[in-house]
Every structure is written in structure tokens, then in C-alpha cells.
Amino acid sequence: MSSLLLASGSPRRQAILRAMGVPFEVSLPSCEECVRPNDPVATVGTNACRKATSVRFRHPGSIILAADTVVSFQGQVLGKPRSPEEAQAWLLSYAGKSQQVFTAVAFLRPGHHDPDLFIEATSLVFRDYGLGVVQDYLDRVHPFDRAGAYDIDVCGSMLIAERIGSYTNVMGLPRSVVVGWLAAHACGQGGRP
């Protein structure tokens, strides 16, 4: 019997799993994350696998779920903003434009060397707004620990006009990927195979 470990400190990922009724424990990964400036798929895939692998050494008998999320905007990969000023500049640059959010989810089972890796993309179209909306949004949300400097789940409608794809993917953990993997591997309550 294996327990499910979430290799993430993200409150949003934890909330998604709780809402699904999947019991889990948290084990924070300890690894260096990469950013490949023009390749969001390679960035998230590499990081999710590194996170899962870093936790496996401490918990070899557990099923590990790790994820990584980035924004791809105008050919650049954006992670978390490094300052409030950068967050403001990013949000202003999105106005009236579209972008994609990529999340990689890696599942690592006991006795397996390589994680099962899934990558989901969601497209977002942003409203045409100005500095006042951005400042109001940043004052309300403080999204400095989120990829792209925004949170779709908290006042997201202030910025986002349209979404094509998974809502929970933008939050950092695509629900359908988790449900599908758990079902395919006969994991029921508690993530037990």
C-alpha cells in the first residue's frame, strides 16, 4: 500500500486535490529548477520530473505527484515575478493579448525509475485594461508567488476575458490529468494502488 505524496508547497495544488477528495501528504522537493526561455514544454517537463525524483529519495515507497507551471507569452517563458515592479510590467503587457499556460504533472510510482509525465496547455485571452486595473488587481491579490503574476481563481475575471482549456491547469494542477492517472493505475482513496 502506497500513500500519495504531493511534491509541492503550492496551496492551490493542495486545494485542487482536497476538492477532488484525494488524501495526500506534502513533501517539499529539493532541486534546482530550470528555465528554457523559448521552450515552455521542456521547462515544465524537466522541472516536474526533477521535483518528483528529488522526493523519491526520501520516500521510496510512496506514489509521488509533482507539477510545474509556466506562462508562455510572445515567445518567452515566464515563471514567478521577481518583484512587484516586474509583476506590474507583465500584467500591463498582457492587456488585449493572448498567452498559454503550461503545466507538467509527473507521477512516480515505487519501483519505477522514470515518472509518467503529462503536459497540459490552456489558452487565455486578456481584457484590454490599463494601469489602474493592474494596480487594483495587485493590491487585492498579491500574486507574486504565481506563474505569470496572476491567479485565475482570485479576481481572475478582472484580467481574463476568455479561457480555452482546463481551468485547474491555470491554477497549477489539471484535474483531468490527475483523475485519469489515478483511475488508470487503480488508485482509490488515499492514492493506494
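Numbered according to numbering that gives the first Met the number 0, the sequence shown spans residues 0 to 192. Glycine residues also receive a C-beta, built at the ideal position from the N, C-alpha and C atoms. Nothing here was measured: the structure is a model prediction, and the numbers come from that model.
Open item on the list: Going by the DSSP bridge assignment, what does Asp115 pair with across the sheet?
Closed with: Taking the sequence shown and counting its residues from 1, the one referred to as residue 115 is at position 116. Beta-bridge pairing by DSSP links Asp115 to Phe106.
TODO: Leaving out five residues on either side along the sequence, give the residues of the same chain with a beta carbon under 8 Å from the beta carbon of Ser97.
DONE: On the sequence shown, position 98 is the one that residue 97 refers to. Excluding positions up to five away in sequence, the list reads Ser122, Leu123, Val124 and Phe125.
- [ ] Determine the extent of the beta strand (DSSP E) in which Glu161 is found, giving its start and end residues.
- [x] For the purposes of this step, residue 161 is taken as the residue at position 162 of the sequence shown. Its beta strand (DSSP E) spans residues Ile159 to Ile163.
Open item on the list: In the DSSP output, which residue or residues are listed as bridge partners for Thr68?
Closed with: Taking the first residue of the sequence shown as position 1, residue 68 is located at position 69. Paired residues: Thr102.
Task: Completely contained beta strand (DSSP E) runs for the segment 13-88, where each covers 3 or more residues - done: As far as the segment 13-88 is concerned, its whole beta strand (DSSP E) runs of at least 3 residues are 62-72 and 75-77.
- [ ] Output the boundary residues of the alpha helix (DSSP H) element that contains Leu172.
- [x] For the purposes of this step, residue 172 is taken as the residue at position 173 of the sequence shown. That residue, Leu172, is in no alpha helix (DSSP H); it is neither H nor E in DSSP.
TODO: Please list, in chain order, all residues of the same chain as Glu161 whose beta carbon is under 6 Å from its beta carbon, the five residues on each side excluded.
DONE: Stepping through the sequence shown from its first residue, residue 161 is reached at position 162. Excluding sequence neighbours, Glu161 sits near Val124.
TODO: Within the same chain, show all residues whose beta-carbon is closer than 7 Å to that of Gly8, passing over the 5 residues directly before and after it, in chain order.
DONE: Residue numbering aside, residue 8 sits at position 9 when the sequence shown is read from its first letter. Answer for Gly8: Val25 and Leu27, listed in chain order.
Open item on the list: Could you give the first and the last residue of the continuous alpha helix (DSSP H) run that contains Val132?
Closed with: Taking the first residue of the sequence shown as 1, we reach residue 132 at position 133. From DSSP, the alpha helix (DSSP H) with Val132 extends over Leu130 to Val140.
TODO: Let me know the secondary structure DSSP gives Ala120 once reduced to three states.
DONE: Within the sequence shown, residue 120 is the residue found at index 121, counting from 1. Correct three-state label for Ala120: strand.
- [ ] Please state whether DSSP places Ser156 in a helix, a strand or coil.
- [x] Residue numbering aside, residue 156 sits at position 157 when the sequence shown is read from its first letter. The answer is helix: DSSP assigns Ser156 an H, G or I state.
Open item on the list: Counting C-beta neighbours from all protein chains within 10 Å, is the total for Pro114 16 or more, i.e. buried, or is it exposed?
Closed with: Taking the first residue of the sequence shown as position 1, residue 114 is located at position 115. Pro114 is buried by the Cβ-count criterion.
Open item on the list: Excluding the 5 residues flanking Ile163 on each side, which residues of the same chain have their C-beta closer than 6 Å to its C-beta?
Closed with: As a position in the sequence shown, residue 163 is number 164, starting the count at 1. These residues qualify, in order along the chain: Ser122.
- [ ] Could you name the residues that DSSP lists as bridge partners for Ser97?
- [x] Stepping through the sequence shown from its first residue, residue 97 is reached at position 98. According to DSSP, Ser97 bridges with Val124.
Task: Counted within 10 angstroms of its Cβ, other Cβ atoms place Arg81 as buried (16 or more) or exposed - done: Taking the sequence shown and counting its residues from 1, the one referred to as residue 81 is at position 82. Around the beta carbon of Arg81, a 10 Å sphere encloses fewer than 16 other beta carbons of the protein chains shown; the residue is thus reported as exposed.
- [ ] Identify every residue that forms a DSSP beta bridge with Leu91.
- [x] In the sequence shown, counting from the first residue as 1, residue 91 sits at position 92. DSSP output for Leu91 lists no bridge partner at all.
Task: Through-space distance from Gln87 to Arg17, alpha-carbon basis - done: Looking up residue 17 in the sequence shown gives position 18. Looking up residue 87 in the sequence shown gives position 88. The alpha-carbon atoms of Arg17 and Gln87 are separated by roughly 31 Å.
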